[in-house]
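**Q** Under the working numbering, the first residue of the sequence shown carries the number -6, and numbering increases by one thereafter.
Think of the CB as a built atom: it goes at the ideal place given N, C-alpha and C, for glycine as much as any other residue.
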Amino acid sequence: MTTSVHPPAPGDAPAARPSAPWSGPVFAGLGMTLVGSQVAVSGVLADAPLFAVQALRYTLAAVVLVLLLRATGRTVPVPRGREWAWLAAVALSGLVLFNVGVVRGVAHAEPAVIGVAVAAVPVLLALVGPLLGGARPAPVVVAGAVVVTLGAVLVTGGGRTDPAGLGYALLTLLCEAGFTLLAVPVLHRLGPHGVSLHTVWIAALALWGLSLVTEGPAAVLTLRPGQVSAVLHLALGVTVVAFLLWYTAVDRIGPGRAGLFTGVVPVASAVGGVLLGAPVPGPVVWLGVAVVGAGVLLGLRAPSAAP
-6 MTTSVHPPAP
4 GDAPAARPSA
14 PWSGPVFAGL
24 GMTLVGSQVA
34 VSGVLADAPL
44 FAVQALRYTL
54 AAVVLVLLLR
64 ATGRTVPVPR
74 GREWAWLAAV
84 ALSGLVLFNV
94 GVVRGVAHAE
104 PAVIGVAVAA
114 VPVLLALVGP
124 LLGGARPAPV
134 VVAGAVVVTL
144 GAVLVTGGGR
154 TDPAGLGYAL
164 LTLLCEAGFT
174 LLAVPVLHRL
184 GPHGVSLHTV
194 WIAALALWGL
204 SLVTEGPAAV
214 LTLRPGQVSA
224 VLHLALGVTV
234 VAFLLWYTAV
244 DRIGPGRAGL
254 FTGVVPVASA
264 VGGVLLGAPV
274 PGPVVWLGVA
284 VVGAGVLLGL
294 RAPSAAP
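#1: Let me make sure I understand the geometry here. Which of R75, V56 and W79 has the alpha-carbon closest to that of V69?
#2: Rounding to the nearest angstrom, what Cα-Cα distance links T(-5) and W15 in this structure?
#3: At the level of alpha carbons, what is the spacing between A136 and R97?
#4: Below 6 Å CB to CB, which residues in the same chain sit around V193 once its five sequence neighbours on both sides are set aside?
#5: Spatial neighbours of Y161 within its chain, please: C-beta separation below 6 Å, excluding the five flanking residues on both sides.
#6: Report yes or no: do three or more beta-carbon pairs, one from the segment 126 to 143 and one from the segment 180 to 192, lie closer than 8 Å?
#7: According to DSSP, simplified to helix, strand and coil, what is L253?
#8: Could you work out which residue in A283, A112 and V221 is closest to V146 when comparing CA atoms only?
#9: Should V206 go down as buried or exposed, given a rule of 16 or more other Cβ atoms within 10 Å for buried?
#10: Could you give the residue range of the alpha helix (DSSP H) that holds L203?
#11: Which whole-angstrom value describes the C-beta separation of F44 and S204, a residue pair presumed to lie in contact below a C-beta threshold of 8 Å?
#12: DSSP three-state label for D244, please.
#13: So the alpha helix (DSSP H) T173 belongs to, where does it begin and stop?
#14: Among the candidates A176, G265 and R67, whose CA atom is the shortest distance from the CA of W79?
#15: Measuring straight from C-alpha to C-alpha, what distance separates V234 and L227?
#16: According to DSSP, simplified to helix, strand and coil, what is L49?
#17: Drop a sphere of 10 angstroms on the beta-carbon of S222, count the other beta-carbons inside from all chains shown, and report buried for 16 or more, exposed for fewer.
#18: Does the segment 109 to 123 come close enough to the segment 254 to 261 that 3 or more CB-CB pairs lie under 8 Å?
#19: Report the three-state DSSP secondary structure of R294 (helix, strand or coil).
#20: Which residues in the same chain as C168 place their Cβ atom closer than 8 Å to its Cβ, once the five residues preceding and following it in sequence are excluded?
#21: T373 lies in the alpha helix (DSSP H); which residues open and close that run?
#22: Please find out if some non-hydrogen atom of the ligand GTP comes closer than 6 Å to the beta-carbon of G29.
Shown next, in the form of structure tokens:
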């Protein structure tokens, strides 16, 4: 297999690592598909202590990442100076506050409202992501992101909310975007493995603290065997594998074009629901799936040459 170094697209930060041209989009799509698979375990964990579940998830993920690094002969990259601040910001926004926003948000808004907010992430990444690399947003990528968002909204649907629900929806949007954007300044030096490892253990510490204060020290002991299995899926598939795939994709094709694939999450959730026995969605949902696909293809047409 041959590899080549691609010059940055006009709408993305420059990528320094050589890669096959198809690897970035494939990794981004697979990573977001795994994130969408959370629907498979959401029902099992509905009555579980949220913060304890997430703390256990990220603790297990950190352990697996360390073992993976050592098994592959990689050294654990040590952050320097301001890199600690960027990593803490990724962990606290994309992993901790995001969960708070979702949980508190559904108390004031229907879940579809939160889903619509997350669906707007591609547009935010397409606009802000390139600026972090000193480039201008590419009109084709932005247009593709808008189409992806419209398709994701069709898949997710709408719902009722109140002012507090709208506030939590906005918080969820910003935190989901922060998971990618705040990692860009440290991704090249620390690599996907380093960013994934340090963000998950930082998030684990914060979530253990929240669990201790709000759920009690014995909350994690209340998990049933089936819930522990669900946590293992979240730790291994949705965290370790999905994080590595996602940050590798962002490093190779930039946050703008990688962000197009966040529209895959509601699609994967809808398809996963059907596979688990849920009713087959109506034609509007399938129209949304087609629109998401069209938006991804449109955004990936951005020229690969620097302006």
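**A** To lay it out plainly:
#1: Minimum Cα distance to V69 is reached at V56.
#2: Caution is warranted here: a pLDDT of 39 is assigned to T(-5), below 50, making its placement in the model unreliable, and the coordinate value is therefore given only provisionally. Whole-angstrom Cα-Cα distance: 12 Å.
#3: The alpha-carbon atoms of A136 and R97 are separated by roughly 32 Å.
#4: Result list for V193: Y51, A54 and A55, in chain order.
#5: So the qualifying residues of the chain are G94, R97 and G98.
#6: The segment 126 to 143 makes no contact with the segment 180 to 192: fewer than 3 CB pairs, one atom from each, lie closer than 8 Å.
#7: Collapsing the DSSP output to three states places L253 in a helix.
#8: Nearest of A283, A112 and V221 to V146, Cα basis: A112.
#9: When all chains shown are included, V206 counts as exposed.
#10: Residues V177 to T207.
#11: Right, the Cβ-Cβ distance comes to about 4 Å (below 8 Å), so this counts as a contact.
#12: It is helical.
#13: Element bounds for T173: P156 to L174.
#14: Considering only alpha carbons, the answer is A176.
#15: So the alpha carbons of these two residues sit roughly 10 Å apart.
#16: In this structure, L49 counts as helix in the three-state DSSP scheme.
#17: Exposed is the call here.
#18: Yes, the segment 254 to 261 touches the segment 109 to 123.
#19: Coil at R294, not helix or strand.
#20: If we look at C168 and ignore the five residues flanking it on each side, its Cβ neighbours are S86, G87, L90, F91 and G94.
#21: This structure gives no information on residue 373, because the portion of the chain shown stretches from -6 to 300.
#22: The model depicted lacks the ligand GTP and carries no ligand whatsoever.
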